[in-house]
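Residue numbers (numbering that gives the first Met the number 0): 0 to 117.
Heads up, the beta-carbon is just placed ideally off N, CA and C, and yes, glycines get one too.
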Amino acid sequence: MAALTLPKPARLTRRAEFAAVREQGKSQHGNFMVLGTWQTSSPEPARIGVVTSRRVGTAVERNRVRRRLREVFRVNRSLLPSGLWMVVVPRRAAVRATFAAHAEEWRALTARAGYLKA
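What follows is the structure, given as structure tokens:
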């Protein structure tokens with residue numbers, strides 16, 4: 000049985016990685032989030048980073064949004080091409096959104112960017 004967590008290597012953690020996505024990638028804007036994507040030449044599976052500022056809400060709200068977005072990514076990771084780096088920046092409205100709304104918008108933005116296989 001596979002672990003139901005997002006492994007550490009699947010996350011963007013370094014400042015330079017976030018900067019590379021911002022500078023060299025493209026972004027898609029939605030009601031609940033801004034999705035930045037960059038296709039690297041790396042053969043490793045897709046990776047994600049979530050940036051939540053205090054503007055989003057309290058620490059509890061920010062952590063909840065972060066957990067939901069990482070889970071949406073984990074569930075759909077197999078549908079993404081290798082070498083894709085994603086940075087998600089939630090908006091204030093993301094706090095009031097349901098998990099299903101997060102998942103729907105994430106899939107729509109990823110498909111609009113041209114990276115969702117199915």
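(message) Taking contact to mean 3 or more Cβ pairs, one atom from each stretch, closer than 8 Å, check whether the stretch 76-93 and the stretch 22-38 are in contact.
(response) Yes, since at least three Cβ pairs between the stretch 76-93 and the stretch 22-38 fall closer than 8 Å, the two stretches touch.
(message) Taking the beta carbon of phenylalanine 98 as the centre, do at least 16 other beta carbons fall within 10 Å, making it buried, or is it exposed?
(response) By the neighbour-count rule (16 or more Cβ atoms within 10 Å), phenylalanine 98 is not buried but exposed.
(message) Whole angstroms are fine: how far does the CA of valine 74 sit from the CA of methionine 0?
(response) Its pLDDT being 47, under 50, methionine 0 is placed unreliably by the model, and the measurement read from it follows with that caveat. Distance from the CA of methionine 0 to the CA of valine 74, rounded to the nearest whole angstrom, comes to 14 Å.
(message) Mapping the DSSP letters down to three states, classify serine 26 as helix, strand or coil.
(response) Of the three classes helix, strand and coil, the one that applies to serine 26 here is strand, per DSSP.
(request) Assess, as a yes-or-no matter, whether the stretch 97-112 is touched by the stretch 7-18 under the definition of 3 or more beta carbon pairs within less than 8 Å. (result) No: the two stretches stay apart, fewer than three of their Cβ pairs being nearer than 8 Å.
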